[in-house]
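**Q** Here it is, the structure, as structure tokens.
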Amino acid sequence: MLGPVLLAASRSDRMRRIVAAAPITRPVVNRFVAGDELHPAMDNVRELTASGLEVTLDHLGEDVTDEATAHATRDAYLGLLRALRTEGLGTRAEVSVKLSAFGQALPDGGHDIALENVREVAELATAIGTTVTLDMEDHTTVDSTLGILAELRKEHPDTGAVIQSYLFRTEDDARKLAVAGSRVRLVKGAYKEPASVAFQSKAEVDKAYVRVLKILMAGDGYPMVGSHDPRMIAIAQELAARYDRKPGSYEFQMLYGIRTAEQRRLAHDGERMRIYVPYGADWYGYFMRRLAERPANLAFFLRSFLPS
Ligand code: FDA
Numbered sequence: 029m030l031g032p033v034l035l036a037a038s039r040s041d042r043m044r045r046i047v048a049a050a051p052i053t054r055p056v057v058n059r060f061v062a063g064d065e066l067h068p069a070m071d072n073v074r075e076l077t078a079s080g081l082e083v084t085l086d087h088l089g090e091d092v093t094d095e096a097t098a099h100a101t102r103d104a105y106l107g108l109l110r111a112l113r114t115e116g117l118g119t120r121a122e123v124s125v126k127l128s129a130f131g132q133a134l135p136d137g138g139h140d141i142a143l144e145n146v147r148e149v150a151e152l153a154t155a156i157g158t159t160v161t162l163d164m165e166d167h168t169t170v171d172s173t174l175g176i177l178a179e180l181r182k183e184h185p186d187t188g189a190v191i192q193s194y195l196f197r198t199e200d201d202a203r204k205l206a207v208a209g210s211r212v213r214l215v216k217g218a219y220k221e222p223a224s225v226a227f228q229s230k231a232e233v234d235k236a237y238v239r240v241l242k243i244l245m246a247g248d249g250y251p252m253v254g255s256h257d258p259r260m261i262a263i264a265q266e267l268a269a270r271y272d273r274k275p276g277s278y279e280f281q282m283l284y285g286i287r288t289a290e291q292r293r294l295a296h297d298g299e300r301m302r303i304y305v306p307y308g309a310d311w312y313g314y315f316m317r318r319l320a321e322r323p324a325n326l327a328f329f330l331r332s333f334l335p336s
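Quick note: the sequence shown uses my numbering, first residue 29, plus one each step.
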């Protein structure tokens, strides 16, 4: 019951102000967000990569409502990529982008504005030997995001995308995307979606995840298994064996701060393991989605308000 309430709150400006102003919020946020600025986040990235993990960095931000902010997002990613080049991390670190932060939802030409902004990011990523993955947001953005993916892949074929097993359409999308050179991250989905477009129960979302995973593992693309769920991880390993995929022809991905021992275990066992590392001041929406996923996180957050 709490999940949908928290997901609704994740889009409320009033709640954003209340949560961000609470002095004890910060230590809880730090569990999921690697820093307010790029440079403290890079310390965490160095530590992760030194321990055998790979990363995808997300400069936090979404739902921008003016073109200047969309350009600022692009510039932040260009700065991030230059920092990765300086650190020599181009082969172990890539970037994840939310197109709503690049202007996708702007009423006048948002799709094209987002495409032009993200194209510059993809160009620099290619130049430094790394890749861009397009995160997936709510269902109203899927056609536009897959359209931008197709455009980018013409010049940057290793641009990746995310598909969400909770959406009814995803099996079809997976079939189209399971082609040579195509990088696809499969996740369950983190937004509040109506019953007209998405499965509502965890059991149905999990079953759909397995069906889509089969399509991706059997296909010619590069599956990226984005989940912390031990059952999904075990099934992914079984499918990889069934389709004769060696580690490195697929990868696991988890979020920064979640199941860190399991992240290290998989890497230690020879799997390719990538950590999604978000950083930046605009952490509210991301943070609220993490609370919504797991009531225990909310309890942890609320306990921090109690006197110690
Ligand atoms: P599930 O929610 O069933 O959780 C399984 C287990 O994992 C839990 O029992 C718990 O142990 C642990 N766990 C899961 N979430 C936790 C949390 N928040 N805190 C602590 N423990 C937790 N979504 C989206 O819509 N668009 C996107 O682009 C992305 N991108 C993305 C990238 C990567 C690398 C990951 C791992 C996930 C995303 N997601 C996403 C989020 C995704 O849709 C989903 O909401 C979460 O991954 C939770 O689903 P699980 O598959 O982990 O399983």
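Beta carbons: idealized from backbone N, C-alpha and C, even for Gly.
Considering only heavy atoms of the ligand FDA, does any lie closer than 8 Å to the CB of L283?
**A** Checking the Cβ of L283 against the ligand FDA gives yes.
**Q** Using a threshold of 9 Å, state whether the C-beta atoms of M164 and V238 are closer than that.
**A** It is not a contact, given that the beta carbons lie outside the stated cut-off.
**Q** Under the assumption that Y105 contacts V149 (Cβ atoms under 8 Å), give the Cβ distance between them as a whole number of angstroms.
**A** Yes, they are in contact, since the Cβ atoms of Y105 and V149 sit about 5 Å apart, within 8 Å.
**Q** Within 10 Å of its beta-carbon, does T187 have 16 or more other beta-carbons around it, so buried, or fewer, so exposed?
**A** Classification of T187: buried, given that the 10 Å Cβ count is 16 or more.
**Q** Would you mind working out which of L88, P185, V73 sits nearest G209, comparing C-alpha positions?
**A** For G209, the nearest C-alpha among the options comes from P185.
**Q** Take A153 and list the residues in its own chain whose beta-carbon comes closer than 8 Å to its own, dropping the five residues that flank it on each side.
**A** Hits under 8 Å: L109, E122, V123, T159, V160, H184.
**Q** Assuming L34 contacts M316 (C-beta within less than 8 Å), just tell me the rounded distance between them.
**A** Contact flag correct, Cβ pair sits at about 6 Å.
**Q** My parser needs the alpha helix (DSSP H) runs of 4 or more residues fully inside the stretch 92-124; what are they?
**A** The stretch 92-124 contains these whole alpha helix (DSSP H) runs: 95-115.
**Q** Kindly give me the distance between the Cβ atoms of A4 and M245, rounded to whole angstroms, as I take these residues to be in contact under 8 Å.
**A** Since the displayed the chain opens at 29 and closes at 336, residue 4 lies outside it and no answer follows.
**Q** Exposed or buried, which one is A226 when buried takes at least 16 other CB atoms within 10 Å?
**A** Classification for A226: buried.
**Q** To which residues of the same chain is S336 closer than 6 Å at the C-beta, ignoring the five residues directly before and after it?
**A** Bear in mind that the predicted position of S336 carries a pLDDT of just 45, short of 50, making it too unreliable to give a figure here.
**Q** Let me check you understand the geometry: is the CB of A324 closer than 8 Å to at least one non-hydrogen atom of the ligand FDA?
**A** Checking every heavy atom of the ligand FDA against the Cβ of A324, one is found closer than 8 Å.
**Q** When you compare only the Cα positions, how much space is there between L180 and A49?
**A** The alpha-carbon atoms of L180 and A49 are separated by roughly 39 Å.
**Q** If you follow the beta strand (DSSP E) that A269 is in, where does it begin and where does it stop?
**A** Note, A269: premise wrong, no beta strand (DSSP E); alpha helix (DSSP H) at 258-270.
**Q** Would you list the residues sitting across from M252 in a DSSP beta bridge?
**A** Note: M252 sits in a beta bridge opposite R213, E279.
**Q** Can you find the residues in the same chain that come closer than 8 Å, C-beta to C-beta, to T119, ignoring five residues on each side of it along the sequence?
**A** Excluding sequence neighbours, T119 sits near G157, T158.
**Q** Is the stretch 246-262 close to the stretch 270-289, with three or more CB pairs under 8 Å?
**A** Short answer: they touch.
**Q** Would you mind sorting I12 into buried or exposed? The rule is 16 or more other CB atoms within 10 Å of its CB.
**A** With the chain covering 29 to 336 only, the question about residue 12 has no answer from this structure.
**Q** Relative to the alpha-carbon of I261, which residue among R300, L117, A218 has its alpha-carbon at the smallest distance?
**A** The shortest C-alpha separation from I261 is found at R300.
**Q** DSSP on V61, reduced to helix/strand/coil?
**A** Coil.
**Q** In chain order, what residues of the same chain lie with their CB nearer than 6 Å to the CB of G217, ignoring the 5 residues before and after it?
**A** Counting only Cβ-Cβ distances below 6 Å, and skipping sequence neighbours, we find Q192, Y194.
**Q** Would you say the stretch 96-105 touches the stretch 319-326, given that touching needs at least three Cβ pairs under 8 Å?
**A** Because the criterion of three Cβ pairs below 8 Å is not met, the stretch 96-105 and the stretch 319-326 do not touch.
**Q** Considering only C-alpha positions, which residue in the set A36, R203, G80, R59 is nearest to G298?
**A** Among A36, R203, G80, R59, the Cα nearest to that of G298 is on G80.
**Q** Comparing C-alpha positions only, which one of I286, D248, V207 sits nearest to V305?
**A** The shortest C-alpha separation from V305 is found at I286.
**Q** Hey, would you say D71 sits closer than 9 Å to A309, going by beta carbons?
**A** Result no, Cβ atoms of D71 and A309 do not sit closer than 9 Å.
**Q** Enumerate in chain order the residues of its own chain whose CB-to-CB distance from L76 is below 6 Å, with the five nearest sequence positions on each side excluded.
**A** Excluding positions up to five away in sequence, the list reads V83, I303.
**Q** Is G294 near the ligand FDA, judged by its Cβ being under 8 Å from some heavy atom?
**A** The residue you asked about is not Gly; residue 294 is Leu in the sequence shown. Checking the Cβ of L294 against the ligand FDA gives no.
**Q** Rank Y314, L330, A327, N325 by C-alpha distance to the C-alpha of L88 and give the top, closest one.
**A** Nearest C-alpha to L88: Y314.
**Q** Where does the unbroken beta strand (DSSP E) through T84 begin, and where does it stop?
**A** Residues 82-87.
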